[in-house]
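The next block holds one structure in the form of structure tokens; read it before the comments.
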Amino acid sequence: MNQQQRLKLIESQLRSYDTGTVEHINEQWIFFDEETEEAALLEQFSNQEIEILRKNSWKRGDLLDGGSVKCGKEVFQLEDGEMIRVRKQLVYSLERLLAELKDEAFLYFINTLNSLHFSIHDCIYCYNHLTFLDPGQGAAGVNFLIFDNEESICSIQHHFNYGDMQNDRFEFTLSSGKRTVIEKIS
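Structure, rendered in structure tokens:
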């Protein structure tokens, strides 16, 4: 699995966008999150890729200053009340952890998380102990992750031992008490 395939899998996860409407108020563009009903200045998303709902399809472009959007060679202005979505950023320590996992462990982790009705974009906390170790010299420890899909909480312990063999063990515990354990040795 190459990096592009990993990114495609990450991008296709549920809840990978914040969706809402934009309004031009007092000479500023405001983003109203559809789910949380929170308001934020749209300029915080400047120079990020966004998608705009136009003619019943999502049009992808880069948000520029002043409510302008560049789609290919075309630049146009946002309209008041228009629906947009902004890709959520992963928790940095989770992003680093996913990059460290071998392909099979990465797929097992993502597929199990998804089967429990969670997305990697539901991560609210990640302690990545691997960040502090040198995997080239053999590393062992535990990472702690917490996910919230607004229906339940999932706590994950990722036990790893990277010596002569690479061992990844993920222990998923849901707030309902359901537990799942997966292990990948390579």
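In the numbering used here, the protein residues as written are -5 to 180. Each residue gets a CB set at the ideal place from its N, CA and C atoms; glycine is no exception. Source: prediction; values computed, not measured.
Roughly how many angstroms lie between the CA atoms of residue i and residue j, to the nearest whole one?
| i | j | result |
| --- | --- | --- |
| G123 | F164 | Inspection of the sequence shows that residue 123 is occupied by His rather than by Gly. Cα to Cα, H123 sits roughly 14 Å from F164. |
| D27 | K82 | 12 Å |
| L168 | Q71 | 44 Å |
| D56 | D158 | 45 Å |
| A99 | L91 | 11 Å |
| Y156 | A34 | 43 Å |
| E5 | H153 | 26 Å |
May I ask you to list the residues that DSSP assigns as paired with residue i?
| i | result |
| --- | --- |
| E203 | As shown, the chain starts at -5 and ends at 180. That puts residue 203 outside it, with no answer to give. |
| S149 | I140 and T167 |
| N161 | N155 and I179 |
| S62 | Q71 |
| E125 | The identity of residue 125 in the sequence shown is Thr, whereas the question assumes Glu. T125 pairs with nothing; no bridge assigned. |
| K53 | I46 |
| A34 | F25 |
Between the options, which lies nearest to residue i when the distance is taken from Cα to Cα?
| i | options | result |
| --- | --- | --- |
| C65 | G135, Q42 and T30 | Q42 |
| S87 | Y11, Y121, R173 and E94 | Y121 |
| I150 | A133, M159 and V175 | V175 |
| S62 | I4, I46, S51 and N50 | I46 |
| G14 | I44, H115, G171 and M77 | M77 |
| Y11 | N155, I140, I24 and I114 | I114 |
| L58 | F138, W23 and M159 | W23 |
| R173 | T106, Q160, V16 and G132 | T106 |
| D116 | D128, A93, Q(-1) and S146 | S146 |
How close, in whole Å, do the beta carbons of residue i and residue j come, if the pair is a contact with beta carbons under 8 Å?
| i | j | result |
| --- | --- | --- |
| L110 | C148 | 6 Å |
| N143 | F112 | 5 Å |
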